[in-house]
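> This is the structure, below, for whatever I ask next.
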Amino acid sequence: MEKDYNFEMFWEDLNNGFQIYYTYMDCRYLIYKMDKNCYKNELVSIKEKCPHQKNAIYTLKRVREIFPFMEELEYNSGFNDL
Numbered sequence: 171m172e173k174d175y176n177f178e179m180f181w182e183d184l185n186n187g188f189q190i191y192y193t194y195m196d197c198r199y200l201i202y203k204m205d206k207n208c209y210k211n212e213l214v215s216i217k218e219k220c221p222h223q224k225n226a227i228y229t230l231k232r233v234r235e236i237f238p239f240m241e242e243l244e245y246n247s248g249f250n251d252l
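In our numbering, the protein residues as written are 171 to 252.
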């Protein structure tokens, strides 16, 4: 992750409709905004058995808490067919 990339930039990207893939604790996730203060977090891939939830709904406060630990961010605009 770029050193200048901060949570406010990440949050703005989520507000603009981006879906963001990231790695957290050796698991790959997809996060996107569903509604005001409502973010969907989906487990996409795991290396081994994993006790993490496959689907979770987070508030902005929880997203802010895990942001410093997110690695390998990849953006998906949702326009893959273009």
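The C-beta atom is built at its ideal place from N, Cα and C for all residues, glycine as well.
So, helix, strand or coil for Asp196, using DSSP?
coil
> Glu235 and Tyr192: beta carbons closer than 8 Å?
no
> In whole angstroms, what separates the C-alpha of Ile216 from that of Asp183?
25 Å
> Expressed to the nearest angstrom, what Euclidean distance is found between the alpha-carbon atoms of Leu200 and Asp174?
So the alpha carbons of these two residues sit roughly 22 Å apart.
> Let me make sure I understand the geometry here. Which of Pro221, Arg232, Leu230 and Asn246 has the alpha-carbon closest to that of Asp196?
Ranking Pro221, Arg232, Leu230 and Asn246 by CA distance to the CA of Asp196 puts Pro221 first.
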